[in-house]
Amino acid sequence: MPKHIILDTDPGIDDSLAILLALASPEVALDGISTIHGNASTAQVTRNALAILELAKASHIPVYKGCDLPLVKESLLSPETHGDTGLGYATLSEPLIKPQIKHGSDFLIEQIMSRPGEVTLVAIGPLTNVALAIRKEPRIVQNVKEVFIMGGAIKHQGNTTPLAEFNTFVDPHAAHIVFHSGMPITLTPLDVTYQCIFMKEDLERLQRIDSPITKFIADATRFYMEFHDEYQQIDGCVINDPMTLALTFMPEICDYQNLVVDVDVSTGVGLGNTFADFYNYEKKRPNMRVAMGVRPRMFMDLFLERIERLAKSIS
Amino acid sequence: MPPTRIIIDTDPGVDDALTILLALASPEIKLEALTTVHGNTHVDITTRNALAVLEFLHAENIPVAKGCSLPLLVPLHKSGDAVHGKSGIGNANLPDPKATPVETHAIDYLIERVLAEPNEISIFPIAPLTNIALAIRKEPRFAETVKELVIMGGSLRAGGNITPAAEFNIHADPHAAHIVFHSGIPITLIPLDVTYKCLLTSADVERLNNNNSPIARFVRDATAVYMDFYKKYEGFNGCALHDPLTLATVIAPDLLTFENHYVDVDISGGISMGSTLADFMKVSKKPANVKVALGVRGREFVELFLERMMSLRGGA
């Protein structure tokens, strides 16, 4: 039986790769997508989600538009990382399908409450939709099966401020709500994602297959690799989001620690910083499982194999 | 002039209950609905109280939508019982209501009503601002189509009533207040600076009870615990009409004087967390976002309140 997952996402180059990995993986059934501001505006990422589903011949999967703005902070998008459209140099045709009428946060509530204990939420953007859903319907905390979050940097430096990772920096208040909600969370922070670099050689391997999927990945990641080269002196690019998705069905990619993790919402220089209380003098109960070690090749082999298989099926 | 159409977002609460009474006693106002939220007590109880007060006033046709049970980030306040009594409305023992809240969550109810009739509905939040903040974030058109907010909350020069710096409604969800104050919606603020000048005394309540009506008895029973609290903590024989004063903006605007200021909320987590600050000296150069009441003829408002209570019918 595949695991039922819903994806809350802001595609976004690595978000797109997570959507494709979900479609390529028989272990999971992608039941729907809710969209969120982040890498680009909500209107743009919603369009992108629809266009990627169409590209992968999966336009039966419903897309729900979510929040436009962070809860408290001003909006922050990342065109320098993902390009103005959110998808680098890729140009996907305008999608024929439209988003559903229901709001993204209501979709999360409806899915989780209609199938208690069955729905796995994978949140790979800023957490505004999830936070709003928790405050509107607190019972989703007890009824969601698991929550996989891409976000934070525990011992690793930040990628948006010296201390803060992008998703938690964009809406630290939403992250605070979600982290303290009591949901069963697995966090994928930069500590592990920065160990997994998608290299030019990996891209070349995919490009041996002539498919709209591999062409899209090449065009999208070329921009992403230029960004990593220019800003972070990394040869290749970090694909945070598909790794988070992979952990839903191949947990052995990472090693985990149960930790007490908090988010700085005090509006100083540490705003959006995620930190773990490793000493835990107050003996607080860990509020999440954090991926702190990773087998990078295990993930990359899985990713490449799955994408190759998907690409071969779509010409 | 047609009556002003309002939805009250509320956490009854003693002075919240008095606000519902005053709204229904005032022909200048058409009360369209109540939305409920955590605050003075748990949202299950504030919702029950909202329904019970409406039934007591034979106004059970007015819909009640239940809202959020928790503030956005800060922990739920647990200080209400000493002020508002265990029931939330002092010693008033209203029977359990027969009506139930509408199915729709308060956030969606507010959005639906406002979008259905743009620029027609005024919202009077007299509680923590969680519902309003989430309506703003969920539906961006909400801020453009709601006519105005008239908020009881904050304190600009009068000090706090829950911490030395902060007023209760704002302190109970400062992040929500921050969202609302920066939303661009036209806001009128009724802070402690004016509400503490509107004191209902025990002599007033006695005078009201001279005509021995169910309304007068309700006001007496509802305010009993509230007045004990004022006596104990503030050395005063009476209580402030915080929430009802918001309605003065409609029924007796001449009693208030206003100034336009840039007002912000401290969400930084320090000792002034939840305090409201006005840029009186215009040092930030930011445009005014709030019309704030800073003067009131308090005694006249209390007399008006008593007059309206004498004309109101309720109970068996």
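Chains as they are written, first to last, in my numbering: chain A, 1 to 315; chain B, 1001 to 1316.
Even glycine gets a Cβ: it sits at the ideal position worked out from N, Cα and C.
When the cut-off is 8 Å and only beta carbons count, does residue i lie next to chain B?
i	result
A/Thr244	no
A/Leu132	yes
A/Thr35	no
A/Val261	no
A/Arg135	yes
A/Cys254	no
A/Ser25	no
A/Ser266	yes
A/Ile185	no
A/Ile149	no
A/Ile177	yes
A/Pro296	no
A/Pro138	yes
May I ask you to list the residues that DSSP assigns as paired with residue i?
i	result
B/Gly1295	B/Thr1257
B/Arg1005	B/Lys1030
A/Thr35	A/Thr9
A/Phe198	A/Cys237
A/Lys3	A/Val28
B/Val1290	B/His1261
A/Val290	A/Leu187, A/Gln257
A/Gln100	A/Tyr64
B/Thr1249	In DSSP, B/Thr1249 forms no bridge with anything.
B/Met1309	None; B/Met1309 has no bridge partner.
B/Glu1148	B/Ser1122
B/Thr1100	B/Thr1100 is not bridged to any residue.
Give a yes or no on whether 8 Å exceeds the smallest Cβ distance from residue i to chain A.
i	result
B/Ser1284	no
B/Lys1138	yes
B/Ile1132	no
B/Leu1072	yes
B/Ser1183	no
B/Cys1239	no
B/His1171	no
B/Ile1121	no
B/His1077	no
B/Ile1267	yes
B/His1084	no
B/Ser1069	yes
B/His1175	yes
Let's see if you can read the secondary structure: which residues bound the alpha helix (DSSP H) around residue i?
i	result
B/Leu1189	B/Leu1189 -> not in any alpha helix (DSSP H); beta strand (DSSP E) instead, spanning 1187-1190.
A/Ile307	296-313
A/Met243	240-247
B/Thr1047	1043-1056
A/Lys215	212-232
A/Thr274	Segment 274-276 is the beta strand (DSSP E) holding A/Thr274; no alpha helix (DSSP H) there.
A/Glu146	That residue, A/Glu146, is in no alpha helix (DSSP H); its beta strand (DSSP E) goes 146-150.
A/Asp264	Neither: A/Asp264 is in no alpha helix (DSSP H) and is coded neither H nor E.
B/Thr1201	Premise fails: B/Thr1201 lies in the beta strand (DSSP E), 1199-1201, not in any alpha helix (DSSP H).
A/Thr42	42-55
A/Glu80	79-82
B/Glu1144	1140-1145
A/Ile177	172-179
Residue range of the beta strand (DSSP E) that residue i falls in?
i	result
B/Glu1120	That residue, B/Glu1120, is in no beta strand (DSSP E); it is neither H nor E in DSSP.
B/Asp1264	1263-1265
A/Asn258	254-259
B/Ala1065	1064-1066
A/Met183	Premise fails: A/Met183 is in no beta strand (DSSP E) and is neither H nor E.
A/Leu127	Note, A/Leu127: premise wrong, no beta strand (DSSP E); not H, not E.
B/Leu1277	1276-1278
(request) Using a Cβ-Cβ cut-off of less than 9 Å, give me the residues of the region 1215-1237 of chain B that come near chain A, in sequence order. (result) none
(message) Can you pull out the residues from the region 97-128 of chain A whose beta carbon lies closer than 9 Å to at least one beta carbon of chain B?
(response) His103, Ser105, Asp106, Thr128
(request) Scan the region 1269-1282 of chain B for residues whose Cβ lies nearer than 7 Å to a Cβ of chain A and list them as they occur along the chain. (result) Gly1269
(request) Please list the residues of the region 153-175 of chain A that have a C-beta atom closer than 8 Å to any C-beta atom in chain B, keeping them in chain order. (result) His173
(request) Pull out every residue of the region 58-74 of chain A whose Cβ sits closer than 7 Å to any Cβ of chain B, in chain order. (result) Cys67, Asp68, Leu69, Leu71, Val72
(request) For the region 269-287 of chain A, enumerate the residues whose C-beta is nearer than 7 Å to any C-beta of chain B, in chain order. (result) none
(request) Give a yes or no on contact between the region 1083-1099 of chain B and the region 1012-1031 of chain B, applying the rule of three or more CB pairs nearer than 8 Å. (result) yes
(request) Check distances from the C-beta atoms of the region 1092-1118 of chain B to those of chain A and list, in chain order, the residues that come in under 7 Å. (result) So the list reads His1105, Ile1107, given in the order they occur along the chain.
(message) Check whether the region 225-239 of chain A and the region 94-112 of chain A are in contact - that is, three or more C-beta pairs closer than 8 Å.
(response) no
(message) Using a Cβ-Cβ cutoff of 9 Å, what residues of the region 1178-1210 of chain B are near chain A? List them in chain order.
(response) Residues of the region 1178-1210 of chain B with a C-beta atom less than 9 Å from some C-beta of chain A are His1178, Ile1179, His1182, listed in chain order.
(request) Tell me, please, whether the region 1139-1155 of chain B touches the region 1179-1195 of chain B by the rule of three or more beta-carbon pairs shorter than 8 Å. (result) yes
(message) Would the region 68-83 of chain A count as touching the region 1127-1147 of chain B if we require 3 or more Cβ pairs under 8 Å?
(response) yes
(request) With 9 Å as the C-beta to C-beta threshold (strictly closer), list the residues of the region 1025-1052 of chain B near chain A in chain order. (result) Listed in sequence order: no entries.
(message) Below 8 Å, how does it come out for the region 246-254 of chain A and the region 39-51 of chain A: are there three or more Cβ pairs, yes or no?
(response) no
(message) Would you call the region 165-172 of chain A in contact with the region 69-89 of chain A, where contact means no fewer than 3 C-beta pairs closer than 8 Å?
(response) At 8 Å Cβ cutoff, the stretches touch.
(message) For the pair the region 203-217 of chain A and the region 179-191 of chain A, tell me if three or more CB-CB distances fall below 8 Å.
(response) no
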